[in-house]
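Residue numbers (the numbering used here): 68 to 520.
All C-beta atoms, glycine included, are put in the ideal place defined by N, C-alpha and C.
Small disclaimer: the values here were computed from a predicted structure and weren't measured.
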């Protein structure tokens, strides 16, 4: 189960990372306009985020086997249709289907980890899951670059999009063989289906989409979408209270939302994930636009950070099991200092200092991030009751995905708004350093006694 879950995380992340390299060829080959390119890039993340909480809830209610297998099949079929598309709109729909599948699959993996592992074993499993994401981010740029260089222009992008499909199909076959399934009678399935709050799920998805459309897909009318999200959120809260008063199961378990440790841990995860994604993006832009480096050179300079994160993730279970929240807070503080030092050195624009920042301090920052992200995730999910393990994992993943989308948009906007590339980078980096410091403050505020043991 551990190997299956880690492989699933790897294949969904490497697909998203590699697809960025396929976009230019896809755009030229299919004649996609600017709006279609935006949807090609954003559609996967949009559908992924929208499916996380419904996927987690389906797994909690009906069991995780069927949502996992259906999601993996949708992911593979979406990739197959995207790679064979002769029209940009077909590719967009295929990427939406692929993102929907990934959003169904990932809460099941984390839910299985919650169900099947306890204590240090669970912490190690979540650490391995983060390692898979780091390795995917490390290997996807050179693999995609090699494919595009070796294949003809009209085929290269199709091979890159197909990269994850054979692995996903293999995982589907393995999942059929090894995933546990509890036999249920038609009467029990009917009873469980009655406990699925479809109205609540619909209202929650409306909130998520209204929040994600402006920042992920660049849909105009940001303030209007916030108003829509607010009204949908109020309707969702009112409906959930009614469901709870009738003795039925709401979408978001009240114990989950009342848990101080879960909410604070989710806040920490949101801030450090968003800050890391945003800083990586503006650093890449600054290296290419500000310092005139090639895309390959920039990718190589940022690779030590990903390698450091993989190394740190391998040992993250020790932080959660030995030191608990205090240990996470200490490592977070060290990471916030590393972010500030790295940003300050890069902003100088001097090649030697940039090299020291990205290869030296960047590696340290990656190790510290690897130590904190899975250990914080482990400690946060310890607060989720067993019957809401999938929803808890979905909430955590959704918060991080929203934070990544917002910080990408904010970082790019601040960078482009700067009077010079150096000024734009310095402003954006200061914002992300502040977010890292805020994560330290929130983590220090968490006085819960839950520990992984």
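Inset, instruction - Take residue 123 as the anchor and find which of 453, 231 and 398 has the nearest alpha-carbon. - result: Ranking the options by Cα distance to residue 123, first place goes to 453.
Legend entry - Same chain only: Cβ atoms within 7 Å of residue 471, ignoring 5 sequence neighbours per side: 340, 341 and 344
Inset, instruction - Rounded to whole angstroms, what's the CA-CA distance from residue 384 to residue 457? Just pull it up for me. - result: Using only the alpha carbons, I get a separation of about 21 Å.
Inset, instruction - Would you check if the distance between the CB atom of residue 354 and the CB atom of residue 455 is smaller than 9 Å? - result: no
Legend entry - Extent of the continuous alpha helix (DSSP H) run through residue 127: 101-129
Legend entry - Residue burial classification, residue 208 (beta-carbon count within 10 angstroms, cutoff 16): buried
Legend entry - Residue from 505, 430, 423 and 411 whose Cα sits closest to the Cα of residue 492: Taking only the C-alpha atoms, the option nearest residue 492 is 411.
Legend entry - Proximity to residue 375 [Cα-Cα], best of 327, 359 and 425: 425
Inset, instruction - Determine, using beta carbons only, whether residue 429 and residue 371 come nearer to each other than 9 Å. - result: The Cβ atoms of residue 429 and residue 371 lie closer than 9 Å to each other.
Inset, instruction - Using the Cα positions of residue 219 and residue 151, report the straight-line distance between them to the nearest angstrom. - result: 15 Å
Legend entry - At least three beta-carbon pairs within less than 8 Å, the region 394-403 to the region 464-481: Taking a cut-off of 8 Å for Cβ pairs, the region 394-403 and the region 464-481 do not touch, as fewer than three such pairs fall below it.
Inset, instruction - With a threshold of 16 other CB atoms inside 10 Å of the CB of residue 76, please say whether the residue is buried or exposed. - result: buried
Legend entry - Same chain only: Cβ atoms within 7 Å of residue 467, ignoring 5 sequence neighbours per side: 336, 337 and 340
Inset, instruction - Out of 494, 136 and 179, point me to the one whose CA is closest to residue 240's CA. - result: Residue 240 has its Cα closest to that of 136, out of 494, 136 and 179.
Inset, instruction - Return the chain-ordered list of same chain residues with a C-beta closer than 8 Å to the C-beta of residue 419, the five sequence neighbours on each side being excluded. - result: none
Inset, instruction - Would you kindly work out how many angstroms separate the C-alpha atoms of residue 323 and residue 450, rounded to a whole number? - result: Each residue's alpha carbon lies about 7 Å from the other.
Inset, instruction - Tell me the start and end of each unbroken alpha helix (DSSP H) in the region 421-455 that is at least 4 residues and wholly inside, in chain order. - result: 429-448
Inset, instruction - Could you have a look at residue 153 and say whether DSSP puts it in helix, strand or coil? - result: coil
Inset, instruction - Could you tell me which of 236, 235, 310 and 210 sits nearest to residue 224, measuring between CA atoms? - result: It is 210 whose Cα lies nearest to the Cα of residue 224.
Legend entry - Own chain, CB closer than 8 Å to residue 90, minus 5 neighbours either side, in chain order: 104, 107, 108 and 224
Inset, instruction - List the endpoints of the continuous alpha helix (DSSP H) containing residue 396. - result: 391-414
Legend entry - Between the CA atoms of residue 315 and residue 367 - distance to the nearest angstrom: 53 Å
Legend entry - Same chain only: Cβ atoms within 8 Å of residue 403, ignoring 5 sequence neighbours per side: For residue 403, where only same-chain residues beyond five positions count, the Cβ hits under 8 Å are 500, 503, 504, 506 and 507.
Legend entry - Cβ-based neighbour list, residue 69, same chain, cut-off 7 Å, excluding 5 preceding and 5 following: The answer, listed in chain order, is 192 and 195.
Inset, instruction - In angstroms with no decimal places, state the Cα-to-Cα distance between residue 101 and residue 95. - result: 11 Å
Legend entry - Same chain, Cβ closer than 6 Å to residue 125, neighbours up to 5 away in sequence not counted: 134
Legend entry - Exposed unless 16 or more other CB atoms sit within 10 angstroms - verdict on residue 329: buried
Legend entry - Same chain only: Cβ atoms within 6 Å of residue 99, ignoring 5 sequence neighbours per side: The answer, listed in chain order, is 155.
Inset, instruction - Count the other CB atoms, across all protein chains shown, that sit within 10 Å of the CB of residue 445; report buried if there are 16 or more and exposed otherwise. - result: Per the 10 Å Cβ criterion, buried.
Inset, instruction - Just mark residue 189 as buried or exposed, buried being the case when its beta carbon has 16 or more other beta carbons within 10 Å. - result: buried
Legend entry - residue 448 burial status per 10 Å Cβ neighbour count (16 or more: buried): buried
Inset, instruction - Pull up the distance between the alpha-carbon of residue 289 and that of residue 274, whole angstroms please. - result: 13 Å
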